[in-house]
Amino acid sequence: MNTFNSKSPSMQAAAELGRRNFLKQGAGVVAAAAAISALPAGFISSARAESGEIVVGFITSMSGPVSSLGIPYDQGMKAALAFRSKVGDKPVRLIALDDASDPTNAAVNARKLIQENNVDVIIGTAGSPGALAIATVCAETKTPLICIANANPQGEPGNWTITIPQPAPLMIAGTVAHMKQAGVKSIGYIGFADPWGDLVYNALTEASPAAGIKVTSNERYARSDTSVTGQALKVSSTRPDAVIAGGSGTPGALPYLALRERGYKGQFYGTPAIINPAFVKVGGAAVEGLIASTGPVVVFDQLPDSNPTKAVSQEFAKALKATVPDAVPNAFSGYSFDAWVLFLAAAETALKTAQPGTAQFKLAMRDALTNAQEVVGCHGVYSFKPGSRYGNDERSRVLVKLEKGEWKLMA
Amino acid sequence: MTWDIMLILLVDGLSTGAIYLLAGLGFVLVFSVTRVIFIPSGDIAAFAALTLAAFQSRMIPGSIWLVAGMAVLACLAECTTLLRNGAARQVPRAIFFYAVLPLIPCGVGLAIASHDVPEALRIATTIGLILPMGVLIDRLTLRPLADASTLILFIVAIAVHFLIAGIGLIAFGPEGVRTTPILDGMVPLPGDILIPAQQVLMMVVALLLSLVFYLFFGRSITGKALRATASNRVGARLMGIRPERAAAAAYLIASALAAVVGILIAPITTMYYDSGFMIGLKASVGAIIGGMASYPITAIGSVFIGILESWASFVASDYKEIIIFSVVIPVLIWRSFAVHRDSDEEIEELA
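Shown next as C-alpha cells:
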C-alpha cells in the first residue's frame, strides 16, 4: 500500500508542474483555452443541477492480458445499464473507460473521471493491482469506489471502498466443509507461485485443522511452466485423499492434468478462479468431477426458487441477453451487475440528503454503500460492516461439480 | 525419492531437455552466423503452437495476417533498397522471395482453416507459416543494423521480442491453448512406469533433428558456407559466400526448429502468446553452456537444464527458476577463464 500512497504526491507534483508550464505560455492562448474550457464545464454543471443527473465512472480492461476478465465485466455493466438507468426520477449516466490491463492507466482514468467528468462514484476494474491504484485516487479525491476485482485496500482508501467478489477464506471454507463431509482426511495443495497461490494456501491451512484435515503438500508452479510433472509426483507421493489447486483460468488446469496423467485417482477440488469456459476446454477429461466453490449466479437456473438471488440473476440474464446476445451470465459479469444493484440502492438513500455532483453527495454515497444492509444481488446478499470491505456471507457461495463439461449445482 | 519417481523425473527432464536442445541449436546457429542473440525465436515457437491450435479449433490463426503483413513490408523494404542501389533487375526476384513465397502458406492456411483436413496437413501448413517469420523479422528489424555491435543487436532483439509478444496478444488473444497430442497414449517402461507417448516423440524428434543438423553442417555446401561465415565473415565473403544469404539460411533453419518446438510442446503444456519467452530463456542457458558456439556442448547443456528443471520442480518447486538460472553464473565464470576471446570481437570493439 505504501507504494501507492507514495506515488500520489509525486503525481500531484507532476500535475502542478504541467500547470505552471502551461501558464508560462502566451497569455492569449491561455485566455482562449480558459474561455473554451470554462464554457462546457459551466454548461455541464448547470445542466446537471437542473436534471439532477447522477454520473457513474466505470473502468475495466478491454485490452491487454486481463481482458479475458475485463470483457465479461463490461458485458455485465451493459446489462446492468439496460436493467435500470434511473434512480427515482433522476437519470444515471455511465462513462466507461479502458485501462488496458495497466494499473497506471487505471489510476489516470480514475483521476480523469473525477476531475473532468465530476463522477459521483467509480466502479472498477478487472485486475486487483488496478483496483488498488484506483482506490488510492478515490480516497484522495473523496470519491466512493465499488471494487469489482478481489482487492482489499487498507487505511484511508479502504474507507472509500466496498468490494463485490467473495473473499478467498469464505470460498475455501466452503470446499473444506465438503471435504469433511466426504470423509477426506488429507489434502494435497499445488498452486501458483504468486499472491493468489499464497492466499488459497493460507485459507486452506486456516480452515482445515478444525475439520480434522491434514494439508500434505505445498507445491508451487508458474503460468509459463512447460511441465508440472515434478510437482505432481511430489503431491501424489504424499498420498492425499484429495487435491486442491490454487491456480486461475486455463493455467489452473495444468496440475490436474499432470496428476491424472501420473495416475492420481483422488477427488479434485478447485477455487472460484478456475470457473471459465476455457478452463473446461483445456482441462478436458482430467477435470471431470471436479468440485469448486463459486457464486450462485454461475448456476442460477439450477437454484431452488427459494434462493433470493435467483430472481435477481434471472433479471440479469434477461438484460444480458437483450444487450449482448451471445453472452451467458458468468461470475465476472455478475460482479458488475451486483456493483450496479448496490449503487442503485445507495443512490436512493443518498438522494434524500444531497444533490448529485456535489461533495456532500459523494460522502452520502460512501456512507450508504459502506452501511448497505441485506441488498440482494445475483452473487449473494450483501451486508457491509464498518472496517471491512467485504459484505458477503455463506449465501454468496455454492458448491458446483463439473459433469460432462457443465457446472452442476451440488445439493 | 524412490527409484520410479527418479525414473519418471529423468524422462520428464529428458523430454523438456529435448525442447531446449532444439531451441538452443537455433540460438547458437543464428548467433554464430549473424552475432544476434535471437530472443524472438521463443515467441516464434509459441506462435507455432497457437497457430496449430487455431487450425484444430477451425479458426483462422492470427499468424496468417501477421506473416502476410510482414511479407508485404519486407518486400517493400527490399525493393526500395534494391532500387536505391540501382539493382532494378533483382526486383522480381526479391518480390518472389519476400512476398510470393511467404504468401503461399498464408493462402493454404486460409483455405484449410474452416475445413476438416488431415492433421498432417495442418502441421505442414503451420510449419510453412512459421518458416518465413525469422527471415522476415530479420529483414525488417535486424538486417539494417547488421554491422552494429553485438550489444546493439542484442538490445534490438529484446525490443523485437516485446513487439512480437504484443502483436501475439492482438493476434491470438490472452487465453491459453493446448493441442491434441500427435501421439496419444502411454508407453510402458520396465518397473510399471508409464511414459506419455508424446514425450517419447519429443526425444526421438530431437535426436533425429540433431543427426540431420550434424550431417547438414558436415556434408552439405550450404552447411559448410554457414560454418565458414560463422568462423570468419570477411574470409567467407572473399570466398564468394554472401553474408546476407547465409543469415537468411540461418534464420530459416532457426524458425523451422522453433516451429518444431512449438508443435511438440503444445500437447503437453498450455501455451500462451507469451509462453515462448521462458522456453527461449531456458534454452539460452543451454546455449550459454555451449559458449554460443559449440553445438554438441549446447545439446548436452540443454538436456542438463531440462533434467535439472524436472528435479528442481520435485525437490523445491518454489525455487525452481532460481536454481535453473543460477547455473548461468558458474558457467560464465568458467567460460571467462577457459575461453580466450575471439579476435574478431576485439577488433570490433576497438572500432
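Protein chains in written order, with this note's numbering: chain A, 21 to 431; chain B, 5 to 355.
Where a beta carbon is used, it is the ideal one built from N, C-alpha and C, also for glycine.
Exposed or buried, which one is residue i when buried takes at least 16 other CB atoms within 10 Å?
i, result
"Gln95/A", "buried"
"Lys285/A", "exposed"
"His198/A", "buried"
"Asp358/A", "buried"
"Met10/B", "exposed"
"Arg126/B", "buried"
"Gly48/A", "Low confidence applies here, because Gly48/A scores a pLDDT of 44, under 50, leaving its location unreliable; read the following figure in that light. When all chains shown are included, Gly48/A counts as exposed."
"Ile337/B", "exposed"
"Ala342/A", "exposed"
"Pro164/A", "buried"
"Leu173/A", "Looking at the sequence itself, residue 173/A is Pro, so the reference to Leu does not match. Buried, by the Cβ-count rule."
"Val208/B", "exposed"
"Glu123/B", "exposed"
"Gln203/B", "buried"
"Asp118/A", "buried"
"Ile326/B", "exposed"
"Leu184/B", "Inspection of the sequence shows that residue 184/B is occupied by Thr rather than by Leu. Classification of Thr184/B: exposed, given that the 10 Å Cβ count is below 16."
"Lys286/B", "buried"
"Trp7/B", "exposed"
"Ala351/A", "buried"
"Leu389/A", "buried"
"Pro123/A", "buried"
Can you name the start and end residues of the beta strand (DSSP E) that residue i belongs to?
i, result
"Tyr238/A", "Per the sequence shown, residue 238/A should be read as Asn rather than Tyr. Segment 234–241, the beta strand (DSSP E) holding Asn238/A."
"Leu13/B", "Leu13/B -> not in any beta strand (DSSP E); alpha helix (DSSP H) instead, spanning 7–38."
"Ile199/B", "197–200"
"Phe212/A", "206–212"
"Met190/B", "190–193"
"Asp118/A", "110–118"
"Val263/A", "262–266"
DSSP on residue i, reduced to helix/strand/coil?
i, result
"Thr246/A", "coil"
"Met82/A", "coil"
"Gln287/A", "strand"
"Val418/A", "strand"
"Glu394/A", "coil"
"Thr163/A", "coil"
"Arg182/B", "coil"
"Lys512/A", "Past the boundaries of the shown model lies residue 512/A; chain A is included only from 21 to 431, so the question cannot be answered."
"Glu325/B", "helix"
"Thr181/A", "strand"
"Lys330/A", "helix"
"Lys424/A", "coil"
"Ile41/B", "coil"
"Pro29/A", "Here the model assigns Pro29/A a pLDDT of 43, short of 50, so the residue's position is not dependable and the matter cannot be decided."
"Gly294/B", "coil"
"Val344/A", "coil"
Hey, out of the options, whose CA is closest to residue i's CA?
i, options, result
"Arg417/A", "Leu277/A, Gln186/A, Ala379/A", "Gln186/A"
"Val196/A", "Leu219/A, Ala230/A, Ile91/A", "Ala230/A"
"Gly113/B", "Glu248/B, Thr55/B, Pro334/B, Glu82/B", "Thr55/B"
"Gly411/A", "Leu89/A, Gly144/A, Ile168/A", "Ile168/A"
"Ser61/B", "Ser326/A, Leu165/A, Ala298/A, Lys110/A", "Ala298/A"
"Arg415/A", "Val317/A, Tyr221/A, Lys234/A", "Val317/A"
"Ala384/A", "Gln393/A, Thr369/A, Val396/A, Cys398/A", "Thr369/A"
"Val361/A", "Trp216/A, Thr163/A, Ala392/A, Lys341/A", "Ala392/A"
"Pro111/A", "Gln375/A, Cys398/A, Ser81/A", "Gln375/A"
"Ala262/A", "Thr236/A, Arg282/A, Ala273/A, Leu277/A", "Thr236/A"
"Glu239/A", "Leu224/A, Ala213/A, Phe288/A", "Ala213/A"
"Asp321/A", "Val128/A, Val332/A, Ile311/A", "Val332/A"
"Tyr402/A", "Lys382/A, Leu340/A, Thr329/A", "Thr329/A"
"Gly90/A", "Val75/A, Ala120/A, Ala100/A", "Ala120/A"
"Ser314/B", "Ser356/A, Gln251/A, Phe363/A, Gly304/A", "Gln251/A"
"Leu279/A", "Thr291/A, Ser268/A, Pro260/A, Pro292/A", "Pro260/A"
"Gly208/A", "Gly377/A, Gln287/A, Glu160/A", "Gln287/A"
"Phe217/B", "Leu18/B, Gly30/B, Tyr24/B", "Gly30/B"
If I'm right that residue i touches residue j with Cβ under 8 angstroms, what's the distance once you round it to whole angstroms?
i, j, result
"Gly211/A", "Val300/A", "Contact flag wrong, Cβ pair sits at about 20 angstroms."
"Ile41/B", "Phe35/B", "6 angstroms"
Where do the N-terminal and C-terminal ends of the alpha helix (DSSP H) with residue i fall, by residue?
i, result
"Thr369/A", "351–370"
"Phe318/B", "299–319"
"Ser45/B", "44–60"
"Gly361/B", "An answer regarding residue 361/B cannot be provided, because it is not within the stretch 5 to 355 covered by chain B."
"Gly73/B", "66–88"
Just to check, is the beta-carbon of residue i closer than 7 angstroms to a non-hydrogen atom of the ligand HEM?
i, result
"Thr236/A", "You won't find the ligand HEM in this model; it holds no ligand whatsoever."
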